[in-house]
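A.B. asks: Chains as they are written, first to last, in my numbering: chain A, 1 to 94; chain B, 95 to 525.
Idealized CB from N, CA, C, for every residue including glycine.
(1) Is the distance from the Cβ of residue 191 of chain B to the Cβ of residue 268 of chain B below 8 Å?
(2) 8 Å is my cut-off, CB to CB: does residue 249 of chain B come that close to chain A?
(3) Could you check if residue 185 of chain B is buried or exposed, using at least 16 other CB atoms within 10 Å of its CB as the buried criterion?
(4) Could you check the C-alpha separation between residue 517 of chain B and residue 250 of chain B for me, to the nearest Å?
(5) To which residues does DSSP link residue 202 of chain B through a beta bridge?
(6) So which of B:109, B:198, B:129 and B:100 has the shortest CA-CA distance to residue 123 of chain B?
(7) Please tell me whether residue 84 of chain A has its Cβ less than 8 Å away from any Cβ of chain B.
(8) Please determine if the stretch 481-491 of chain B and the stretch 453-462 of chain B are in contact, where contact requires at least 3 C-beta pairs separated by less than 8 Å.
(9) Alpha carbon to alpha carbon, what distance is there between residue 374 of chain B and residue 296 of chain B?
(10) Suppose the cutoff is 8 Å on Cβ atoms and the five residues either side in sequence are ignored; what does the same chain contact list for residue 25 of chain A look like?
(11) Output, in chain order, the set of chain A residues within a Cβ distance shorter than 8 Å of residue 198 of chain B.
(12) Chain B partners of residue 26 of chain A, CB-CB under 9 Å?
(13) Going by beta carbon distance, what residues of the same chain come within less than 7 Å of residue 445 of chain B, once the five residues before and after it are set aside?
(14) Any residues in the stretch 60-84 of chain A with a beta carbon nearer than 8 Å to a beta carbon of chain B? Which ones, in chain order?
(15) On the DSSP bridge assignment, give the partners of residue 259 of chain B in chain order.
(16) Please check if any C-beta of chain B sits within less than 8 Å of the C-beta of residue 50 of chain A.
(17) Would you kindly check if the distance between the Cβ of residue 39 of chain A and the Cβ of residue 340 of chain B is under 8 Å?
(18) Answer with yes or no whether the minimum CB distance from residue 532 of chain B to chain A is below 8 Å.
(19) Any beta carbon from chain A within less than 8 Å of residue 245 of chain B's own beta carbon?
(20) Rounded to the nearest angstrom, what separates residue 254 of chain B and residue 127 of chain B at their Cα positions?
(21) Going straight from the alpha carbon of residue 506 of chain B to that of residue 167 of chain B, what length do you get?
(22) Identify every run of the beta strand (DSSP E) within the stretch 364-450 of chain B, keeping only runs that are complete inside it and at least 3 residues long; order them along the chain.
(23) Name the two residues that bound the continuous alpha helix (DSSP H) containing residue 483 of chain B.
(24) So what does DSSP say about residue 89 of chain A, is it helix, strand or coil?
(25) Taking only three categories from DSSP, how would you classify residue 511 of chain B?
(26) Starting from the Cα of residue 427 of chain B, find the closest Cα among B:402, B:398, B:390 and B:411 and give me that residue.
(27) Starting from the beta carbon of residue 365 of chain B, find every residue of chain A whose beta carbon is closer than 8 Å, and list them in chain order.
(28) What does residue 34 of chain A touch in chain C if you count any residue whose Cβ is under 8 Å from its own?
(29) How would you call residue 103 of chain B, buried or exposed, if buried means at least 16 neighbouring beta carbons within 10 angstroms?
(30) Beta-carbon of residue 370 of chain B versus every beta-carbon of chain A: anything under 8 Å?
(31) Would residue 406 of chain B be called buried (16 or more neighbouring beta carbons within 10 Å of its own) or exposed?
(32) Any beta-carbon of chain B closer than 8 Å to the one on residue 57 of chain A?
(33) By DSSP, does residue 1 of chain A sit in helix, in strand, or in coil?
(34) Could you tell me which uninterrupted alpha helix (DSSP H) segments, each at least 4 residues in length, are contained entirely in the stretch 37-71 of chain A, listed from first to last along the chain?
(35) Could you tell me whether the Cβ atoms of residue 411 of chain B and residue 146 of chain B are closer together than 8 Å?
(36) Where DSSP assigns a beta bridge to residue 98 of chain B, which residues make up the other side?
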């Protein structure tokens, strides 16, 4: 079957992103100075977290709200909550 | 400020089961759901067992949006380019009552929500519970929601808020999960014509097949993959513990693409069209990761309470059963007009006597066993396929020499003593 990129797959999912992010980096210095592995940049199923030179950028708009990042971060440095009611992902099939 | 007898947080199988029973018993019940409708954010692989849903809603088999009933369950142990397969097909599973069906949770939970509403409960969607409300003496008396003037009070709060249960953590009933206690699973819904599915899987009508995938399916990480047949799609997914994803540096979507490209899997999906990509956490910690189940004014059910038997991929059924037991406990507390910790602890006792506890107790060492015996996810699947290939290859080599080659290869990769110990421990863990 035709292989889709992750971006193409996410086009199939409906999102209603909030204005503000429900995910945040608690202390960016921890990412820069302490964290060498940057696990969040690959364990997230939709690649919400990207390392840009000296900081993590959070693309919360495509978050599927699984909770992996919160547990994956060995420094407990990801601020995590669910999006406000009515926002975020909606699955058609589930 | 509004007051109810019971607040249920989360419209999944556990919460909806509890809400249904309590609403039918005449209590005022509100279900708070953060999605647009029950099921909007709910995900599982796809197998729903007949029990206990048919006990709670006897019309389940007739009315619920079911995909296919499972008549055959296969297990495939994969190496990079081979598969050792076993399975069980029975016409016993074709007869009613059906043992298991595949479902798509967005549709299934919506149906269940309609039943709960018809039973008299109020379902409030698009609403996030932010925190539990406590009295001065510490007991839980309600929840604060994201809505304006959104404080709700009740005799009991049932935390059915799923694997990430913010409520259970906030109420001090559990600590932060550890990365080996949770698996990240991703899944695709791949559309195929019903006739193609029936031909490829050897079924007719609404019959269906499940395939569990081990070994190379997870690139040797602790976890499993799966293929489940729906009416006009197949659900293909794979999960591995966050600990292993961290250690190996693997992205779950890449893992899924790896599985879909396996030579035993790809032909089943050929010509299919991806309709949805989903991700969810699976509580794999078992009994040893189970939180405290009750406190004054609050009970914890389903995934929020780690009630998943991963070896038998049972979760939604255990969740519903915990919802039944929680409802029973609430009714008992109501008779006594006391919702203190002591009275509500009868829920703990009900769970302890139930199959939830009994089955999780049987496999209580499984999580730590798998952590310590990764051989079962990489070495042994490889060896098994090597052995099968050797014995099934015909050439100028005698069978005895082939057997010797198999033993030599096995011993080269792991000592006899270690292999004996691995399998003895495996038997002790699951036996």
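C.D. replies: Judging by the given coordinates:
(1) no
(2) no
(3) exposed
(4) Residue 517 of chain B and residue 250 of chain B: Cα-Cα distance of roughly 46 Å.
(5) Beta-bridge pairing links residue 202 of chain B to no other residue.
(6) B:100
(7) yes
(8) With a cut-off of 8 Å on Cβ pairs, the stretch 481-491 of chain B is not in contact with the stretch 453-462 of chain B, counting fewer than three such pairs.
(9) 30 Å
(10) Short of 8 Å from the beta carbon of residue 25 of chain A, and not among the five residues preceding or following it, lie these beta carbons of its own chain, in chain order: 31, 55, 56, 58, 77, 78 and 79.
(11) 93 and 94
(12) Going along chain B, no residue has its Cβ under 9 Å from residue 26 of chain A, so there is no contact; the nearest lies around 14 Å.
(13) 387, 416, 419 and 451
(14) 64, 65, 66, 67, 68, 70, 71, 72, 74, 76, 81, 82, 83 and 84
(15) DSSP, once it has assigned bridges, lists no residue as partnering residue 259 of chain B.
(16) no
(17) Cβ distance < 8 Å, so residue 340 of chain B and residue 39 of chain A count as in contact.
(18) With chain B represented from 95 up to 525, any question about residue 532 of chain B goes unanswered, as that position is not in the structure.
(19) no
(20) 10 Å
(21) Rounded to whole angstroms, residue 506 of chain B and residue 167 of chain B show a C-alpha spacing of 34 Å.
(22) Listed in chain order, they are 367-377 and 392-394.
(23) 473-486
(24) If DSSP states are grouped into helix, strand and coil, residue 89 of chain A belongs with the strands.
(25) helix
(26) When each option's Cα is compared against that of residue 427 of chain B, the closest is B:390.
(27) Correct list: 1.
(28) You won't find chain C in this structure, because its protein chains are A and B.
(29) buried
(30) yes
(31) exposed
(32) Cβ-Cβ to chain B under 8 Å: no for residue 57 of chain A.
(33) coil
(34) Qualifying alpha helix (DSSP H) stretches, in chain order: 40-43.
(35) yes
(36) According to DSSP, which records beta bridges pairwise, residue 98 of chain B is partnered with B:248.
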